[in-house]
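Convert by adding 60 to the 1-based position in the sequence shown; the result is the number in our numbering. Everything below concerns the one structure shown next.
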Amino acid sequence: MSYSELNQLILAEKLFDTGKLDETLEILNDESLYERLSLQQKSHFQFLKGLILFYQFKNEELIKLGEEIFKEGQELNDKLQSFDGLFFAIIGLSQTFKFEEAHKLIEKAEALLKLPHKTSEIKLIRREARLSLLKSMVYMRSNNLDLGEKFLEKTLGFAKEIENTFEMVWANTLMARIMWQGKAKFDLAKEYCTKALLLAKKIKFNHYWIAVSNLYFALTNLWFCEYNISLKHYLTSLELFRKINNIRQVASCLNDMGDIYATIGDYDIALKYYQESLLLRESQTQDMSIEIPLFNLGLMALDYGDNVLAQKYFNRLEYVYNQKKGSGMFLFYPLMFSLSKALMLKVSSRTRDKAKAEESLKEIIETDTIWPKSHIIAIIHLCDLLLAEFRQNNNSEILDEINYYVAKLLTIAEEQHSYLVFCEAFILQAKLALLNFEMKAARRFLTQAQKIAESYGIKRLAMKISYEHDELLKKSKMWENLKESGATLSERWKLAGLNEQMENMVKNRMIAAPETSEENPVSVLIITEGGIPLLSHSFIEIKEFESHLFSGFLTTINYFMKETFSEDLDRFVFGKYTLLMKSVAPFFICYVYEGESYYAFQRLKSFIEDIQNEGIWQILIRYFQANRFIHLKEIPLLESVVTETFIVKNVALN
């Protein structure tokens, strides 16, 4: 081998490490450079070429290269080289959804590793890790997340031996995906993303893996409705995917960023990203589907009220659908096409078309699919149609039908971990309940929604729901007056805000609550389940507290405790004050405050966590068993917690 040829290959490796994959591939495509290499050297550079094709999503070329490497390995009786060839071929097949062929090659690869090998243990371990990764990838793409997780755990079990490798980065990113997609364990997903990114920064040829780690961070933050954080990671990912020329991932990132901007109501930027994604897909010679951006652009046009433009996009979607019908089409594309036709019928001014839209949407909802988003979109638009019909004729049967579909929407959204839709559906249920003056039911729906948002750490949703609940409590007297006066449906409709809620859901829009301020503490109480005060501590002048509140306070609390048990409510208004209560057997912990509830909720939660430590809790139990009232000065540790939580406010609030 000449000095010049060797220099070329060394240069290729350096270019790869700096993220210049196209230039690297141009060098590695020169077959003449391999002619006088040793088998080990040739295998090394072939492997680098395979990684580049993998990182650029060039699946047909990757499959072809894998087959060539496998064939050479077989001719030379080199089992590891044969395995490496299968490794690349399986990736290419899996990424083109050819799972049956991929499974057959996995069996071959597994058989190769079971044969005796004269090589280092580390090399074998890396192949074992890759085999488990392949199995996991195929099972995940086949939607079998449990088996996918099982094989990922095997790969991660090799962390001590091969920690700083792309295999470990890959395993952590895939595990992050399982945590958010299959298990709704979003905090764990973030941990795996963090681990993946830290490892990616330590390895060679890492631009792809840093991009993927940021992409998975972006996707994880979407579940929390943390759109700004998600966009930040998308931008990092997008820049790196552009650098390494992974066109498919660039187009995907652009589409996802369009989704985010559409959700937060910035339609001009959303339109820009959707159009860029579409143009990029159209410019590629490799088969890249344009159906998703076409569908999204059609939806955007409908949101703008430009039905003519929407029809143009959906006509193109129909053309693509007819071209691909019966060959190489994703299973959910026919449903996407049906949905686009139903949505165009829905916006027609003709009653006959709206009836057809209703019928079509119901058919879509009842169709089994691997694209649950179609059911979510169909149910929301169907409810929009039914609500318009209900407003016209005030037929209670239609309201029953709406409630049936909202319940169905809740089930699907929960199964898919679509918590924005899930909580918005609860808010819709609350507003529907108000039409029949069912205040307790409305409040119960909002309480359930906030519990869910809080349990998953989706603080923006929790803030919005808490705001909705506070606003409802402020208007409770107004609703009572409307009920007594026999208010018209139109009056109830307007006060409930049904038009605004339905519009937000149709446009899949996340409307943030107004800026939330901290509350003013009034009192904290610990009360036994029998209604006897164990602790009562006021943060305001006692005379002011007594004159405005205390005369009916205990009566109110006893009533509220019964409601907490029977109605699953968490707050109650008494004059200008709000009571927030949590049950922690054998006590009720009650916080009285003036102002908004979101931060009060956080503060009470923190207080409950602090008093449940062994030192304080045992004292509370002793006082309870002795039927003694607590004077705060008697328990310095408890006094300190009360001071830190409610006076100093030294509590980490979301």
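C-beta atoms are modelled at their ideal positions from N, C-alpha and C, and glycine is treated no differently.
Can you tell me whether H691 is helix, strand or coil according to DSSP?
The residue labelled residue 691 in the question sits at position 631 within the sequence shown. Here H691 sits in coil by DSSP.
Would you kindly work out how many angstroms separate the C-alpha atoms of L81 and N305, rounded to a whole number?
For the purposes of this step, residue 81 is identified with residue 21 of the sequence shown, where counting begins at 1. For the purposes of this step, residue 305 is identified with residue 245 of the sequence shown, where counting begins at 1. Their backbone Cα atoms lie some 7 Å apart in a straight line.
From the DSSP secondary-structure annotation, give me the bridge partner or partners of V784.
Outside the modelled stretch of the chain, which goes from 61 to 714, sits residue 784, for which no answer is possible.
With burial defined as no fewer than 16 other Cβ atoms inside 10 Å of the residue's Cβ, what is the status of F157: buried or exposed?
For the purposes of this step, residue 157 is taken as the residue at position 97 of the sequence shown. Exposed, because fewer than 16 other Cβ atoms sit within 10 Å of the Cβ of F157.
Along the chain, where does the alpha helix (DSSP H) that runs through L595 open and close?
Position 535 of the sequence shown, counted from the first residue, corresponds to residue 595. Here L595 belongs to no alpha helix (DSSP H); instead the beta strand (DSSP E) covers 593-598.
Do you know offhand how far T703's Cα is from K709's?
Locating residue 703 in the sequence shown gives position 643, where the first residue counts as 1. Locating residue 709 in the sequence shown gives position 649, where the first residue counts as 1. Distance between the alpha carbons of T703 and K709 is about 8 Å.
Which residues in the same chain as E95 place their Cβ atom closer than 6 Å to its Cβ, once the five residues preceding and following it in sequence are excluded?
To locate residue 95, count along the sequence shown from 1; it is residue 35. Nothing meets the Cβ criterion.
So the candidates are E227, M228, I222, W283; which of them puts its Cα closest to the Cα of M239?
Here residue 239 corresponds to residue number 179 of the sequence shown, with the count starting at 1. Nearest C-alpha to M239: W283.
Should K511 be listed as close to the ligand NAD, given that the test is whether its C-beta is under 8 Å from any heavy atom?
The ligand NAD is absent from the structure shown, which contains no ligand whatsoever.
Please state whether the Cβ-Cβ distance between F114 and G152 is less than 9 Å.
Taking the first residue of the sequence shown as position 1, residue 114 is located at position 54. Taking the first residue of the sequence shown as position 1, residue 152 is located at position 92. Yes. Within cutoff.
What are the boundary residues of the beta strand (DSSP E) that Y651 is part of?
The residue labelled residue 651 in the question sits at position 591 within the sequence shown. It spans 647-654 - the beta strand (DSSP E) in which Y651 sits, taken as one unbroken run.
What does a CB cutoff of less than 6 Å around L640 pick up in its chain, not counting 5 residues either side in sequence?
Indexing the sequence shown from 1 puts residue 640 at position 580. Taken in chain order, the residues that qualify are R631, Y651, A660, L664.
Between which two residues does the beta strand (DSSP E) harbouring V582 extend?
Position 522 of the sequence shown, counting from 1, holds the residue named residue 582. It spans 580-588 - the beta strand (DSSP E) in which V582 sits, taken as one unbroken run.
By Cβ distance, which residues of its chain are closer than 8 Å to Y683, with the 5 residues on each side in sequence left out?
Translated into positions along the sequence shown, residue 683 becomes position 623. The answer, listed in chain order, is L594, F689, I690.
Apply the 10 Å Cβ neighbour rule to K543 and answer buried if 16 or more other Cβ atoms are within range, or exposed otherwise.
Along the sequence shown, read from residue 1 onward, the residue named residue 543 stands at position 483. Label assigned to K543: exposed.
Please list the segments of the alpha helix (DSSP H) lying wholly inside the region 270-312, counting only runs of 4 or more residues, in order along the chain.
Listed in chain order, the complete alpha helix (DSSP H) runs (minimum 4 residues) inside the region 270-312 are 287-303.
Do you know how far the Cα of N455 is from the Cα of T548?
Position 488 of the sequence shown, counted from the first residue, corresponds to residue 548. Position 395 of the sequence shown, counted from the first residue, corresponds to residue 455. Rounded to whole angstroms, T548 to N455 spans 14 Å at the Cα level.
Is it true that the CB of F450 sits closer than 9 Å to the CB of M404?
Walking along the sequence shown from the start, residue 404 turns up at place 344. Walking along the sequence shown from the start, residue 450 turns up at place 390. Not closer than 9 Å, so no.
Using DSSP with H/G/I as helix, E/B as strand and the rest coil, what is V702?
In the sequence shown, the residue the question calls residue 702 occupies position 642. Reduced to three states, the DSSP call for V702 is helix.
Would V481 and L469 be called neighbours here (beta carbons separated by less than 9 Å)?
Here residue 481 refers to the residue found at position 421 when the sequence shown is read from its first residue. Here residue 469 refers to the residue found at position 409 when the sequence shown is read from its first residue. Yes, the pair counts as a contact, with Cβ atoms nearer than the cut-off.
Rounded to a whole number of angstroms, what is the C-alpha to C-alpha distance between L506 and T705?
In the sequence shown, residue 506 corresponds to position 446, counting from 1. In the sequence shown, residue 705 corresponds to position 645, counting from 1. Each residue's alpha carbon lies about 26 Å from the other.
Tell me which residues share the same chain as F246 and place their Cβ nearer than 8 Å to its Cβ, disregarding the 5 neighbours each side in the sequence.
Position 186 of the sequence shown holds residue 246. Closer than 8 Å at Cβ, skipping near neighbours: M239, W240, T280, W283, F284, Y516, G517.
Is the distance from the Cβ of G242 to the Cβ of E188 below 9 Å?
By one-based count along the sequence shown, residue 242 stands at place 182. By one-based count along the sequence shown, residue 188 stands at place 128. No, these two residues do not count as a Cβ contact at 9 Å.
Please say whether Y287 and C253 have beta carbons closer to each other than 9 Å?
The residue you call residue 253 lines up with position 193 of the sequence shown. The residue you call residue 287 lines up with position 227 of the sequence shown. Contact: no.
Express the C-alpha separation of I424 and S478 in angstroms, rounding to a whole number.
Residue 478 sits at position 418 when you count from the first residue of the sequence shown. Residue 424 sits at position 364 when you count from the first residue of the sequence shown. Between S478 and I424, the C-alpha separation is close to 19 Å.
In chain order, which alpha helix (DSSP H) runs of at least 4 residues are fully inside the region 661-691?
The qualifying runs are 674-685.
Of the choices N673, Y327, E674, D363, whose alpha-carbon is the least far from that of M565?
Working through the sequence shown from its first residue, we reach residue 565 at position 505. Among N673, Y327, E674, D363, the Cα nearest to that of M565 belongs to D363.
For a test of the three-state rule: what should DSSP assign to V644, helix, strand or coil?
Within the sequence shown, the letter at position 584 stands for residue 644. Three-state DSSP puts V644 in a strand.
Go through its chain and collect everything with a Cβ distance to R503's Cβ below 6 Å, but skip five positions before and after it.
If you number the sequence shown from 1, residue 503 lands on position 443. Cβ neighbours of R503 beyond the five flanking positions: L629.
Go through its chain and collect everything with a Cβ distance to K168's Cβ below 8 Å, but skip five positions before and after it.
Residue 168 sits at position 108 when you count from the first residue of the sequence shown. L146.
In whole angstroms, what is the alpha-carbon distance linking E575 and E418?
Within the sequence shown, the letter at position 515 stands for residue 575. Within the sequence shown, the letter at position 358 stands for residue 418. Cα to Cα, the separation comes out at about 38 Å.
Do three or more CB pairs link the region 251-267 to the region 223-237 at distances below 8 Å?
Touching, per the Cβ criterion.
Using the three-state DSSP reduction, which class does H441 fall into: helix, strand or coil?
The count along the sequence shown starts at 1 and reaches residue 441 at position 381. Three-state result, H441: helix.
Quick one: using the 10 Å Cβ neighbour count with 16 as the cut-off for buried, is Q116 buried or exposed?
Locating residue 116 in the sequence shown gives position 56, where the first residue counts as 1. Looking at its Cβ environment, which holds 16 or more other Cβ atoms inside 10 Å, Q116 is buried.
Please go through the same chain and pick out, in chain order, the residues whose beta-carbon is closer than 7 Å to the beta-carbon of L697, but skip the five residues on each side of it.
Residue mapping note: residue 697 aligns to position 637 of the sequence shown, counting from 1. If we look at L697 and ignore the five residues flanking it on each side, its Cβ neighbours are G675, I676.
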